[in-house]
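Residue numbers (numbering that gives the first Met the number 0), protein chains in the order written: chain A, 0 to 459; chain B, 0 to 459. For every residue, glycine included, the Cβ atom is placed at its ideal position computed from N, Cα and C. For reference, the structure discussed in these notes is given below.
There are 2 protein chains.
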Amino acid sequence: MISGLLMKEFTSLLGRENVFTDKADLVTYSYDAAVLDRVVPAAILRPSNYELVGKIVGLCNENSVPVTVRGAGTNLSGGTIPSANGVVLVTNALNNILEINEEDMYAVVQPGVVTAKLAAAVESKGLFYPPDPGSQAVSTIGGNVAENAGGLRGLKYGVTKDYVMGLKFFDACGNEVKTGSRTVKCVTGYNLTGLMVGSEGTLGIIYEVILKLIPLPLHRKSMIAVFNDTAMASGTVAAIIANRIVPATLEFMDNFTIRAVEKHSRAGLPLDAAALLLIEVDGHPAQVDEDAEKVESICRKNGATSLHVAQTASERDKIWAARRSALSALAQLKPTLVLEDATVPRSKIPEMVRAIENIGKRYNLAVGTFGHAGDGNLHPTILTDRRDTVEWKRVEDAIKEIFEKALALGGTLSGEHGIGLAKLRFLKDEIGAGAVLFSKNIKSALDPKNILNPGKVIGE
Amino acid sequence: MISGLLMKEFTSLLGRENVFTDKADLVTYSYDAAVLDRVVPAAILRPSNYELVGKIVGLCNENSVPVTVRGAGTNLSGGTIPSANGVVLVTNALNNILEINEEDMYAVVQPGVVTAKLAAAVESKGLFYPPDPGSQAVSTIGGNVAENAGGLRGLKYGVTKDYVMGLKFFDACGNEVKTGSRTVKCVTGYNLTGLMVGSEGTLGIIYEVILKLIPLPLHRKSMIAVFNDTAMASGTVAAIIANRIVPATLEFMDNFTIRAVEKHSRAGLPLDAAALLLIEVDGHPAQVDEDAEKVESICRKNGATSLHVAQTASERDKIWAARRSALSALAQLKPTLVLEDATVPRSKIPEMVRAIENIGKRYNLAVGTFGHAGDGNLHPTILTDRRDTVEWKRVEDAIKEIFEKALALGGTLSGEHGIGLAKLRFLKDEIGAGAVLFSKNIKSALDPKNILNPGKVIGE
Numbered sequence: 000m001i002s003g004l005l006m007k008e009f010t011s012l013l014g015r016e017n018v019f020t021d022k023a024d025l026v027t028y029s030y031d032a033a034v035l036d037r038v039v040p041a042a043i044l045r046p047s048n049y050e051l052v053g054k055i056v057g058l059c060n061e062n063s064v065p066v067t068v069r070g071a072g073t074n075l076s077g078g079t080i081p082s083a084n085g086v087v088l089v090t091n092a093l094n095n096i097l098e099i100n101e102e103d104m105y106a107v108v109q110p111g112v113v114t115a116k117l118a119a120a121v122e123s124k125g126l127f128y129p130p131d132p133g134s135q136a137v138s139t140i141g142g143n144v145a146e147n148a149g150g151l152r153g154l155k156y157g158v159t160k161d162y163v164m165g166l167k168f169f170d171a172c173g174n175e176v177k178t179g180s181r182t183v184k185c186v187t188g189y190n191l192t193g194l195m196v197g198s199e200g201t202l203g204i205i206y207e208v209i210l211k212l213i214p215l216p217l218h219r220k221s222m223i224a225v226f227n228d229t230a231m232a233s234g235t236v237a238a239i240i241a242n243r244i245v246p247a248t249l250e251f252m253d254n255f256t257i258r259a260v261e262k263h264s265r266a267g268l269p270l271d272a273a274a275l276l277l278i279e280v281d282g283h284p285a286q287v288d289e290d291a292e293k294v295e296s297i298c299r300k301n302g303a304t305s306l307h308v309a310q311t312a313s314e315r316d317k318i319w320a321a322r323r324s325a326l327s328a329l330a331q332l333k334p335t336l337v338l339e340d341a342t343v344p345r346s347k348i349p350e351m352v353r354a355i356e357n358i359g360k361r362y363n364l365a366v367g368t369f370g371h372a373g374d375g376n377l378h379p380t381i382l383t384d385r386r387d388t389v390e391w392k393r394v395e396d397a398i399k400e401i402f403e404k405a406l407a408l409g410g411t412l413s414g415e416h417g418i419g420l421a422k423l424r425f426l427k428d429e430i431g432a433g434a435v436l437f438s439k440n441i442k443s444a445l446d447p448k449n450i451l452n453p454g455k456v457i458g459e
Numbered sequence: 000m001i002s003g004l005l006m007k008e009f010t011s012l013l014g015r016e017n018v019f020t021d022k023a024d025l026v027t028y029s030y031d032a033a034v035l036d037r038v039v040p041a042a043i044l045r046p047s048n049y050e051l052v053g054k055i056v057g058l059c060n061e062n063s064v065p066v067t068v069r070g071a072g073t074n075l076s077g078g079t080i081p082s083a084n085g086v087v088l089v090t091n092a093l094n095n096i097l098e099i100n101e102e103d104m105y106a107v108v109q110p111g112v113v114t115a116k117l118a119a120a121v122e123s124k125g126l127f128y129p130p131d132p133g134s135q136a137v138s139t140i141g142g143n144v145a146e147n148a149g150g151l152r153g154l155k156y157g158v159t160k161d162y163v164m165g166l167k168f169f170d171a172c173g174n175e176v177k178t179g180s181r182t183v184k185c186v187t188g189y190n191l192t193g194l195m196v197g198s199e200g201t202l203g204i205i206y207e208v209i210l211k212l213i214p215l216p217l218h219r220k221s222m223i224a225v226f227n228d229t230a231m232a233s234g235t236v237a238a239i240i241a242n243r244i245v246p247a248t249l250e251f252m253d254n255f256t257i258r259a260v261e262k263h264s265r266a267g268l269p270l271d272a273a274a275l276l277l278i279e280v281d282g283h284p285a286q287v288d289e290d291a292e293k294v295e296s297i298c299r300k301n302g303a304t305s306l307h308v309a310q311t312a313s314e315r316d317k318i319w320a321a322r323r324s325a326l327s328a329l330a331q332l333k334p335t336l337v338l339e340d341a342t343v344p345r346s347k348i349p350e351m352v353r354a355i356e357n358i359g360k361r362y363n364l365a366v367g368t369f370g371h372a373g374d375g376n377l378h379p380t381i382l383t384d385r386r387d388t389v390e391w392k393r394v395e396d397a398i399k400e401i402f403e404k405a406l407a408l409g410g411t412l413s414g415e416h417g418i419g420l421a422k423l424r425f426l427k428d429e430i431g432a433g434a435v436l437f438s439k440n441i442k443s444a445l446d447p448k449n450i451l452n453p454g455k456v457i458g459e
């Protein structure tokens with residue numbers, strides 16, 4: 000429980016307008032995009048500058064009150080589900096782009112900056128911030144860093160961690176910690192930046208991020224390849240990579256997903272296709288033309304029945320908007336949507352797609368599969384109703400089998416969604432007892448009272 | 000002191016031929032490439048498989064004996080200087096490339112694999128491992144990972160940490176820890192890979208490394224631009240980057256270094272040039288031609304008196320061999336060479352070059368400056384004789400001023416050499432008390448007996 004005294008301290012610190020304790024508010028912050036039980040926190044705190052963040056953390060530590068930081072709450076693994084009796088620290092008032100340095104190609108931002116807003120701001124200066132999680136229109140940079148978010152451009156451009164040059168954060172006691180630099184190279188001290196990225200708010204509370212930017216690619220070409228057979232589509236993914244072509248984006252969508260997306264967004268996708276690949280190549284115009292030609296020829300050789308290259312920017316945008324709508328489109332079909340992100344080495348994509356189809360059939364579940372096939376990161380998405388306890392048991396078993404298959408293929412439990420609470424029980428299967436112990440030692444040394452987003456990533 | 004009993008255990012474990020205790024052997028391992036006092040260890044151990052590494056670490060922990068891992072000992076910050084009464088664990092018998100996966104573009108190697116050997120092996124398959132520290136002909140991957148080594152290609156391709164997908168290592172107790180994956184994306188558990196890279200052997204002992212590979216660029220073009228004025232050369236570096244061109248390599252060399260290199264390697268460098276830029280652009284042929292043209296025009300606009308493009312592969316190799324010989328060439332001039340790597344945001348390179356010239360003159364020291372100007376990472380190199388205590392005092396003061404200037408320009412103490420022992424006293428000036436405390440908490444939690452390369456990176 001939070002004492003009345005502590006609540007008063009929060010209120011005098013932040014002002015009454017930035018402390019929320021009404022039931023309706025608390026319930027709003029009791030869940031995220033993962034299918035997990037709600038946990039209603041004790042209070043919502045909305046600091047408007049970083050000094051206040053530090054003071055909140057200090058007070059929480061003194062009083063042993065758990066703190067869960069929340070950006071937009073788009074988390075798919077339960078990382079933003081708070082603790083009962085804990086506080087939620089929302090970052091939406093810390094939403095300033097502090098600097099875009101064109102000469103040295105970096106940006107400095109507060110954690111609450113929306114990803115797409117930053118991307119647009121740097122693009123207007125001819126620069127490029129590549130990480131583009133599916134939720135970029137609402138997700139925040141702080142959340143992206145805490146989860147090491149991926150996105151559609153992972154195979155060519157990498158993920159969030161590849162763009163974080165430095166951080167400022169508060170440790171569990173509220174001390175300021177600075178790591179990394181505005182320089183391209185920096186090996187001064189431990190790579191705390193690397194450790195913090197993806198630590199899901201369990202090791203410190205980030206209040207400033209330095210992000211690497213790169214020149215905007217000169218040219219882009221997007222295309223859709225249509226397949227009558229999912230195996231041919233997935234085989235094409237592996238063939239493109241094996242031919243040493245690295246598209247900016249290489250997405251897979253099965254028939255189930257195509258139908259849902261088309262119903263939702265009327266993008267003109269072929270309803271009878273077994274699978275689509277959505278591909279974008281970018282870079283120097285000559286390179287783009289050559290890569291596009293090679294990709295086209297590999298697609299045809301591997302059984303694509305038709306291939307369409309977007310002729311205008313608006314047509315291109317339409318393709319990607321359709322792809323980005325996949326999650327919302329699927330979510331409308333049934334009360335509960337479980338989005339997974341088991342990831343395999345890219346050459347194993349055909350086998351993984353086959354396995355997911357097979358598991359879906361065997362457990363008699365509605366599964367739509369789409370995702371970043373080009374980096375081995377598929378999103379098998381199960382549509383269900385969690386209140387149907389009989390089916391839910393089958394869902395859980397199916398997920399377990401999907402994970403086991405991914406690990407058997409040399410893959411990982413999570414490509415980009417994080418472990419959060421949702422995948423905790425599988426963690427040891429992948430990383431082993433040694434890594435779990437090592438991680439717990441780090442956690443308990445850095446957060447001895449276990450106030451920072453307790454229970455996430457490595458459990459209690 | 001290592002007890003006779005423990006020595007016996009080492010010998011029965013490794014065989015007499017892999018345990019060295021003769022004075023001549025011990026002295027050989029008492030120093031590295033940094034200018035620091037020698038520390039003679041108690042024994043040298045040479046395990047030939049990873050299980051033996053784990054057993055050595057376990058025994059050292061039980062007996063509270065410090066372990067310093069050593070690859071090729073090219074370390075420039077004292078990271079491989081052992082502890083008195085400690086052991087040196089040499090990795091040169093752990094030198095197998097375990098896998099080069101062409102389909103999924105990664106390699107799995109043991110820590111003792113020589114960097115250039117791996118680079119050649121993957122290149123023969125049309126793949127590319129970009130990190131190329133100056134010492135790549137002898138340096139090992141394990142050392143590169145432990146130091147997060149940089150090199151000439153940092154500005155376009157990043158540094159070692161950008162290529163480490165996963166690690167296996169032993170913690171201080173000898174437990175096996177596995178982190179990362181063979182997949183492009185992986186967010187399962189803490190990013191221990193990120194933490195371990197650059198931790199200089201103080202948090203665990205690495206025995207296997209998964210490295211990302213990329214397709215080999217199709218085409219390369221190398222050129223030399225000659226300047227009568229160092230300010231014009233350094234201004235050109237900033238101008239190239241500000242024009243959104245990212246060469247593969249963009250190196251600076253001042254007249255002092257040019258003369259030393261030419262004397263050493265007879266590459267035909269212009270002895271009267273105030274400074275040279277050595278530039279390589281790579282990628283698609285059309286992109287390369289365009290970038291080369293733009294670079295040429297920027298060089299001329301910024302005062303280059305002549306510009307020479309290498310016409311053949313052997314001519315290109317000659318340019319880079321000359322550049323790579325800079326360190327050895329300078330080392331022949333005086334008994335002691337101090338190579339620094341203060342790094343600044345790239346737009347500050349002109350100011351940093353000016354400051355280094357000024358500091359060299361003011362302290363009346365022989366300074367050659369060269370390095371990876373394109374990523375802001377200069378190597379001001381002081382030639383001196385450490386036995387000359389009067390001059391040595393001036394050297395120390397000059398280094399301090401160089402660091403202060405780099406930090407004042409928003410830079411860092413070390414771009415790629417690490418903190419080791421050499422820069423410890425400046426660490427707090429850059430990262431602050433909060434980051435030092437946070438780091439020490441990690442270290443003491445993970446290595447409670449302080450046996451893993453004690454004293455390095457964050458001090459005692």
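ask   = Going by DSSP, what residues sit across from I244(A) in a beta bridge?
value = BP columns for I244(A) are empty, so no partner.
Complete runs of the beta strand (DSSP E) confined to the segment 116–197 of chain B [at least 3 residues] = 163–169 and 175–179
request  = Return the residue from the list P216(B), I99(B), M195(B) and S413(B) that minimises the CA-CA distance to F468(A).
outcome  = Nothing in the structure corresponds to residue 468(A), since chain A is present only between 0 and 459.
query = Counting along the chain, where does the alpha helix (DSSP H) carrying T388(A) start and finish?
reply = T388 to A407
task = Check the C-beta distance from L270(B) over to E261(B) and give it rounded, since I have them as a contact under 8 Å.
result = 6 Å
request  = Count the other CB atoms, across all protein chains shown, that sit within 10 Å of the CB of V489(A); report buried if there are 16 or more and exposed otherwise.
outcome  = What the structure shows of chain A is the stretch from 0 to 459, and residue 489(A) is not part of that stretch, so it cannot be assessed.
ask   = Helix, strand or coil for H263(A) per DSSP?
value = helix
ask   = Using 9 Å as the limit for Cβ to Cβ distance, is L436(B) near chain A?
value = yes
ask   = For the putative contact between L306(A) and M222(A), defined by C-beta atoms under 8 Å, what is the C-beta separation to the nearest angstrom?
value = 6 Å
task = Please report the Cβ distance between G373(A) and T256(A), rounded to the nearest whole angstrom; I am assuming they are in contact, meaning their Cβ atoms lie under 8 Å.
result = Wrong, their Cβ atoms sit about 16 Å apart, outside the cutoff.
inquiry  = Check this for me: beta carbons of A434(A) and K347(B), under 9 Å apart or not?
reply    = no
key: Ordered list of beta strand (DSSP E) runs contained in the segment 292–342 of chain A, each at least 3 residues   = 303–308 and 335–338
inquiry  = Does any residue of chain B have a CB that is nearer than 9 Å to the CB of M104(A)?
reply    = yes
key: Neighbour list for R181(A) in chain B, Cβ cutoff strictly below 7 Å   = P344 and G409
ask   = Where do the ends of the alpha helix (DSSP H) carrying I441(A) lie?
value = L423 to L445
query = Who are the near neighbours of C469(A) in its chain, counting only those whose CB is closer than 7 Å to its CB and skipping five residues on each side?
reply = The structure shown does not extend to residue 469(A), since chain A spans only 0 to 459, so no value can be given for it.
query = Would you report the Cα separation of K333(B) and L382(B), rounded to the nearest angstrom?
reply = 6 Å
query = How would you list, in chain order, the residues of chain B whose beta-carbon sits under 9 Å from the beta-carbon of N227(A)?
reply = Ordered by position in chain B, no residue passes the 9 Å Cβ test against N227(A), which lies about 25 Å from the chain.
query = How big is the Cα-Cα spacing for T159(B) and G3(A)?
reply = 51 Å
query = How is D24(B) classed by DSSP in three states: helix, strand or coil?
reply = helix
ask   = Residue range of the alpha helix (DSSP H) that V56(B) falls in?
value = Y49 to E61
query = If we call anything under 9 Å between Cβ atoms a contact, is A145(A) one with V121(A)?
reply = no
inquiry  = Can you tell me whether H218(A) is buried or exposed? The criterion is at least 16 other CB atoms within 10 Å of its CB, across all chains shown.
reply    = exposed
ask   = Which same chain residues, not among the five before or five after T79(A), have their C-beta less than 7 Å away from its C-beta?
value = D31, T67, R69 and G72
inquiry  = Please report the straight-line C-alpha distance between E390(A) and A259(A), rounded to a whole angstrom.
reply    = 21 Å
ask   = What residues in its chain sit with their C-beta under 7 Å from that of E429(B), if we drop five residues either side in the sequence?
value = L406, T411 and L412
task = Using a Cβ cut-off of 9 Å (strictly closer), state whether N143(A) contacts chain B.
result = no
key: 9 Å Cβ cutoff, S279(A) in contact with chain B   = Note that residue 279(A) is Glu in the sequence shown here, rather than Ser. Taking Cβ atoms only, chain B never reaches closer than 9 Å to E279(A), which makes this a no.
task = Could you pull the start and end residues of the alpha helix (DSSP H) that A354(B) belongs to?
result = I348 to R361
Buried versus exposed call for G141(A) [16 or more other C-beta atoms within 10 Å across all chains shown] = buried
key: C-beta neighbour in chain A for K184(B), strict 9 Å   = yes
request  = Establish whether the CB of K422(B) and some CB of chain A are separated by less than 9 Å.
outcome  = yes
task = Mind the definition here: the segment 306–325 of chain B touches the segment 178–197 of chain B only if three or more C-beta pairs lie below 8 Å; say whether that holds.
result = no
request  = Might you give, ordered along the chain, the residues of its own chain that have their beta carbon closer than 6 Å to the beta carbon of E292(B), omitting 5 neighbours on each side?
outcome  = none
inquiry  = Just to confirm the assignment, what range does the alpha helix (DSSP H) spanning T10(B) have?
reply    = G3 to L13
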